[in-house]
Amino acid sequence: MGEAQVRVDEVPLGGTRWRVHDLALACCALEYAAASVRLKTARAGDSDAELARGLDLLAPGPEGADVLVVSGTVTDALAPSVLAIWERMRRSRHVISFGSCANSGGPYWDSYCVTKGVDQLLPVDVYVPGCPPRPEALLDGLAQLRRQLAGVES
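The numbering used here runs 1225 ahead of the 1-based position in the sequence shown.
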């Protein structure tokens, strides 16, 4: 049996634009910025344009944000701040762990002060691997989250 291919623009968002906040802790934040530029410059007909219609990647803060992208190493000292940011978000909130450091501590995993992945603190919906992951990987992660919430297997 073949897999059903679902276009990103066919997955419902609940009638609103998602506001995405990047918790920029390290290098992966540069790839997040590149992804946001890519979406801002997408033209009609581009595959990115379909995704861009339902996203605001430049949310000014966690208040009102629907998706938190954690990009970088979470240290034990930062953990209370990460939790505080999570609490300031809307109740319909989701987490994308972006990059090896956010996923598992990255190259610093064995340091005494590094949290071994943001999933030790928050419920992660999507993991985006890489060091650093490419901007396209973030866009794929956002599309995967949309599919998960719509109950569509990717």
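Here a beta-carbon is modelled for each residue, glycine too, at the ideal position from N, C-alpha and C.
For Phe1323, the closest alpha carbon among the candidates Gly1376, Leu1303 and Pro1360 is that of Pro1360. Annotation for Trp1243: the continuous beta strand (DSSP E) segment containing it runs Trp1243 to Ala1249. Straight-line measurement puts the Cα of Arg1371 at about 20 Å from the Cα of Asn1328.
Annotated three-state conformation of Tyr1352 is strand, per DSSP.
The three-state reading of DSSP puts Val1299 in coil, since its state is none of H, G, I, E or B.
In this structure, the straight-line span from the alpha carbon of Arg1244 to that of Gly1330 is close to 26 Å. For Ser1317, the three-state secondary structure derived from DSSP is coil. Ranking Leu1346, Val1320 and Val1343 by CA distance to the CA of Gln1373 puts Val1320 first.
Every beta strand (DSSP E) of 3 residues or more that sits fully in the region 1327-1375 is shown, in chain order, as 1351-1353. Cβ atoms of Cys1252 and Pro1358 stay farther apart than 8 Å, at about 10 Å. Counted as a single uninterrupted DSSP element, the alpha helix (DSSP H) harbouring Ala1258 occupies residues Cys1253 to Lys1265.
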